[in-house]
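At position 609 of the sequence shown the residue is numbered 646 (the working numbering), and the sequence of numbers has no breaks. Even glycine gets a Cβ: it sits at the ideal position worked out from N, Cα and C. So the structure is just underneath, and the comments pick up after that.
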Amino acid sequence: MASAYEKLKRILTLERDQNYRDRAVIGGLARFLTYWEKEARQEAERNRPPVTVDDVLRILDGYAQQTVTTRRQGVERLLALLELNGTEKPSSSQAQQAASLTWAAKRQGALDAVQSPSVPPMQSSRVLQRQPAKPQGKEEQMTLDSPVTKLRGVSTVIASRLAKLGIKTIRDLLYHFPRRFDDFSDLKTISHLHLGDEATIVGRILETKVQQTRSGQTLVRTVITDGTGTIEASWFGQPYLEKKLKAGTEIVLSGRVDEYLGRLVFTSPEWEPVQRELLHTGRLVPVYPLTEGLSARWLRRLIRSALEFWAPRITDPLPQEILEETGLQGLGAALFQMHFPDNKASLERARQRLCFDELLLLQLGILGQRRVWRSQAAQAMHVPQQDLQAFVDNLPFKLTSAQQRAIASILEDLQKPVPMSRLLQGDVGSGKTVVAVAAILTTVRNGLQAAVMAPTTILAEQHYHTISGMLKCFPDIRCELLIGSLSASEKQNLHDEIAKGAVQVIIGTHALIQTATEFSRLGLVVVDEQHRFGVEQRAALRAKGSGFQPHLLAMSATPIPRTLALTIYGDLDISVLDELPPNRQHVATAIRDRSSRERVYSFIEQQIKQGHQAFVICPLIDESDKLDVRAAVAEYEHLQQKVFPHLRVGLLHGRMSAEEKEQVMAGFKEGLYDILVSTAVVEVGIDVPNATVILVEGAERFGLAQLHQFRGRVGRGEFKSYCILLSDDPSPASLARLQIMEQTHDGFALAEKDLEMRGPGDFFGIRQSGLPTLRVARLSDTAILEKARAQALRLFENDPTLAAPEHQALAASVRRFWTIPDLS
């Protein structure tokens, strides 16, 4: 076996022969040295080295960033020292082995490169040193927004297939990121393979055979050796491989080690010739979303080719000062490493850069919306102190300190000629409606109208009854309910009354933003369950103001961690109701496994016999082979027919029409059902004071924040209430997560924990928030998120429209990200 210094000499000689392009080994000299150092130091303990390890590392330090002249000087100096002092001669046994493996010696550089471990992140951006592919023919006229048909090998037929993946332009292709990576970077000798390994080997084909199976398929079988042993690899249905996999061909092969007739084998592994820079094997191999008619290898090659041309040429939208201050990688290098990382550290560094980009563009867009909204005049209001005091005195409870603070902030906003944009966050039962009514009363006493929009009819009805009840001590204030179920004549009459200002408080659903609804003087818009309304819907309701911009108060019962709220709702100021009223009781929470199911059913029946009602929540609508969870439909039938045949069981799921859902929820609230079996659609909104128990099936499938929302469906009346989490997962990790639900009733603490443990997912309704889709960023990346927000605020403060010459590329990125014509 060649000594470490012999390997070094061979690699440096090859590097000299290739004109110092850092291509002698895959991954560059930096990658080679990371594993060479350990081997060389071990040898140096036994024999005096021709040149010290530290000298080698010092001379080749930062090789990828050196000029060709500096590279040449360093390589020639080391070769001279190695030649002058001589390198360790191999033993006779080593010489015999080397002679029998002449093919391996020829390709030692490739073998060594594949074998090397990860490179530190600062050495992994070799794409910056990569020589840009020379433009050939039509490439000279391309831009990133050119259609993919401009790329070689992409016909109109192929382009139509790529379009199914959302790839229409070259930019789309570069941002079509892998959904995962197969880690084939673990190079092993055949003698060290074990069943089930995901491994890479480098070897020479001894023989290739083709045969037909009984089913008529073509089977190509090869036998490969690497000097330590042999192994068979086979491929079905690919007869063309016979011509490519000829005896004597040296290949890199990656895949899962299987077993056949007691022998280890590879079945349909990835492979490629060893002399090429590895693309499909021997590395972190990207796995992309595909569609019919596109193969993984073809798409991989297309993306690699596009990156070779565009990565060195792409304009980086981040100003130089941001790159320097944050230490982020350049965009071209990040894009290359995001697709074809040198190692996991390189991948994470690239992800951080692209994650920062998305969060920065998100923040800049939100800040731009805030600037536009606040640039329009709003009606400055006076505070009707006597009426507000009468309102508070008539409440059957005392306001909490949090409610008082929120009301004070809102009243301060309403007195300004700038439109209020405030998010009122409060846990279930924290008293958000009372705060909203204080704002509504102030608006009405200033001769203006207030509109309250809820996501569902049943929520709108609940608000109508609650708000009109709270305002009953002011008989001159007229509240009306505008919902889709009203008859045409009722709607027309109500529209007329609203338009002439005879109705001061209008509560409704999406009907409020329809063109038929015209307000006389809309001064305040209250949006409940803020995360269920997108930016466009909020803007449409605000546009109903005549002559001035109405104030906006958005409410959400979904606790959102502050950092996340600043990102998603950066256009809004935030008030938090972080304490519950003294009379609000906690819901007793318990975890149970499947063996307790019968006892749980008995407990539910006891509650119903006492005149109460129960929820049963199931996470899926249809049975799944992968998830051991009961589907809502099957659970409904099981409970109605076998467990509670004498009780009235209702069913609610997402595939019902909006009208059917409304009917079922209204029926449950009116007492037509004893038990309501439901999927997650019951998470927010329904208020049934008589419901005292909620059973969550497959509780481990839900996030903590969502489980907390379910728990909030009970305990809304005067009766002691219970939440039972039935889990089918006995693992300690699952149990520990659910135990957090037993230990805390603080929705904000649970949301923080949920974000930390599971990531944001959609527990706060990101898909419904009207925000652009994030391809790379995880909103749980708190450090990057805060860094992006700080940079966005500074940019916005100095250049709110991004009009400066150095911000033009960034402004274009913001417009693309938000698909808006311009930022001003």
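Inter-residue spacing [alpha-carbon to alpha-carbon] between residue i and residue j
i: Arg852; j: Gln845; result: 11 Å
i: Thr328; j: Pro456; result: 48 Å
i: Met418; j: Thr554; result: 24 Å
i: Gln551; j: Met490; result: 12 Å
i: Leu336; j: Val324; result: 10 Å
i: Val289; j: Pro767; result: 42 Å
i: Arg163; j: Gly463; result: With a pLDDT of 34 at Arg163, under the threshold of 50, the modelled position of this residue cannot be trusted; read the value that follows with caution. When rounded, the distance between both Cα atoms is 50 Å.
i: Val562; j: Leu398; result: 28 Å
i: Pro127; j: Leu278; result: Because Pro127 carries a pLDDT of 39, less than 50, the predicted location of this residue cannot be relied on, and the following value inherits that uncertainty. Pro127 and Leu278: Cα-Cα distance of roughly 38 Å.
i: Gly468; j: Ser612; result: 13 Å
i: Glu395; j: Val813; result: 7 Å
i: Leu365; j: Asp818; result: 15 Å
i: Leu772; j: Gly506; result: 43 Å
i: Gly405; j: Leu839; result: 10 Å
i: Asn483; j: Leu549; result: 21 Å
i: Pro842; j: Ile403; result: 22 Å
i: Phe739; j: Ala343; result: 41 Å
i: Phe69; j: Leu243; result: 29 Å
i: Arg78; j: Leu97; result: 16 Å
i: Arg167; j: Trp272; result: Only weak support is given to the placement of Arg167: the predicted model assigns it a pLDDT of 45, under 50, and the question is left unresolved by the model.
i: Leu51; j: Glu113; result: 12 Å
i: Ile48; j: Val62; result: 7 Å
i: Ser633; j: Thr729; result: 19 Å
i: Arg217; j: Cys655; result: 30 Å
i: Ala669; j: His690; result: 7 Å
i: Leu66; j: Ala101; result: 8 Å
i: Gln275; j: Ser305; result: 10 Å
i: Gln55; j: Thr180; result: 32 Å
First through last residue of the beta strand (DSSP E) which encompasses residue i
i: Asp630; result: Ala625 to Asp630
i: Tyr759; result: Tyr759 to Ser764
Distance CB(residue i)-CB(residue j) smaller than 9 Å
i: Gln643; j: Asp711; result: no
i: Met778; j: Leu792; result: no
i: Val725; j: Phe705; result: yes
i: Gly369; j: Pro349; result: yes
i: Thr480; j: Gly560; result: yes
i: Gln88; j: Tyr42; result: The identity of residue 88 in the sequence shown is Val, whereas the question assumes Gln. Going by C-beta atoms, Val88 is nearer than 9 Å to Tyr42.
i: Leu847; j: Leu830; result: no
i: Val714; j: Val686; result: yes
i: Ser228; j: Thr259; result: no
i: Leu118; j: Asp91; result: no
i: Arg629; j: Gly466; result: no
i: Arg826; j: Gly607; result: yes
i: Leu684; j: Val701; result: no
i: Thr493; j: Thr437; result: no
i: Phe652; j: Arg515; result: no
i: Ile520; j: Glu498; result: yes
i: Ile543; j: Glu699; result: no
i: Ala736; j: Ser694; result: no
Where the alpha helix (DSSP H) containing residue i begins and where it ends
i: Gly65; result: Gly65 to Arg83
i: Arg47; result: Ala41 to Asp54
i: Ala594; result: Note, Ala594: premise wrong, no alpha helix (DSSP H); not H, not E.
i: His745; result: Leu741 to Arg748
i: Pro842; result: Here Pro842 belongs to no alpha helix (DSSP H), and DSSP marks it neither H nor E.
i: Leu811; result: Neither: Leu811 is in no alpha helix (DSSP H) and is coded neither H nor E.
i: Met418; result: Neither: Met418 is in no alpha helix (DSSP H) and is coded neither H nor E.
Per DSSP, cross-strand counterpart(s) of residue i
i: Ser458; result: Leu589
i: Val653; result: Val714 and Leu732
i: Phe303; result: Ala270 and Val294
i: Asp615; result: DSSP output for Asp615 lists no bridge partner at all.
i: Pro837; result: According to DSSP, Pro837 bridges with nothing at all.
i: Pro87; result: Answer is none; Pro87 lacks a bridge partner.
i: Asp610; result: Arg459
i: Pro184; result: Thr206
Distance cut-off 8 Å: residue i Cβ against heavy atoms of the ligand ZN
i: Gln357; result: Inclusion of the ligand ZN in the displayed structure is not the case, the ligand content being empty and no account of it being possible.
Inset, instruction - Could you name each continuous beta strand (DSSP E) segment of 3 residues or more that falls completely within the segment 308–393, going from the start of the chain to the end? - result: 321–324
Inset, instruction - Let me know the beta strand (DSSP E) ranges lying completely inside the segment 205–291, each 3 residues or longer, listed in chain order. - result: 217–220, 235–249, 255–262 and 267–273
Inset, instruction - Run through the segment 673–736 for me and flag every whole beta strand (DSSP E) of 3 or more residues, listed as ranges in chain order. - result: Fully enclosed beta strand (DSSP E) runs of 3 or longer: 686–689, 712–715 and 728–734.
Inset, instruction - Let me know the beta strand (DSSP E) ranges lying completely inside the segment 438–523, each 3 residues or longer, listed in chain order. - result: 458–463, 486–490 and 516–519
Legend entry - Every unbroken beta strand (DSSP E) inside the segment 525–567 [3 residues or more]: 542–545 and 559–564
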